[in-house]
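Peer 1:
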Amino acid sequence: EEDGTISPKGYPYLALGRGTRSLALMDIHNNMNSVWEFDRDQLEQLKGGVVMKLADKKSNVGAMKMEQKEQYFEEWRYITNKVNSVREHTVQVKYIDDNYLAIYEEGVDEEKALVLDVSFWQMTPYT
């Protein structure tokens, strides 16, 4: 976004931020101190297909996989994330089809990449 945040399409009042332990959607009006901010030049490059680390520029923490093994819910594959200051383990994301963020991993085809999803596409803010 123009303000250095990442919001879901159609939900400009929500932005990525940190919940108690993990990445969450935050209501920017009630939890602005928990909303993550990203370098604006990197966000523009992300929109153009360049890979970016998912890390807050203010607090110097990033999103990481809690475990390497994928979990399953019905037909959906997923991993659980956590937020930590160990920057070398921060996940990288890529903006796909002008629609969603996928976790980028070297050698993994975009079709098989895990997408950044917050609670099964239900756009409700962390409280």
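Every letter in the sequence shown is one number past the one before it in the numbering used here, and letter 124, counting from 1, is 243.
We put the beta carbon where it would ideally sit given N, CA and C, even for glycine.
When we look at the beta-carbon of Val227 and count the other beta-carbons within 10 Å, is it buried (16 or more) or exposed?
Peer 2: Here the question's residue 227 lines up with position 108 in the sequence shown. Classification of Val227: exposed, given that the 10 Å Cβ count is below 16.
Peer 1: Met185 by DSSP, collapsed to three states: which one?
Peer 2: Mapped onto the sequence shown, residue 185 falls at position 66. Looking at Met185 - three-state DSSP - the assignment turns out to be coil, as it is neither helix nor strand.
Peer 1: Spatial neighbours of Glu156 within its chain, please: C-beta separation below 7 Å, excluding the five flanking residues on both sides.
Peer 2: Sequence index remark: in the sequence shown, residue 156 carries index 37 (1-based). Gly123, Thr124, Asp175, Lys176, Lys177, listed in sequence order.
Peer 1: When you compare the stretch 153 to 169 with the stretch 185 to 201, are there three or more beta-carbon pairs, one atom per stretch, that lie closer than 8 Å?
Peer 2: At 8 Å Cβ cutoff, the stretches do not touch.
Peer 1: Given that a residue counts as buried once 16 or more other Cβ atoms are within 10 Å of its Cβ, and exposed if not, what is Lys150?
Peer 2: The count along the sequence shown starts at 1 and reaches residue 150 at position 31. It is worth fixing the name first, because residue 150 is Asn in this sequence and not Lys. Buried, since its Cβ has 16 or more Cβ neighbours within 10 Å.
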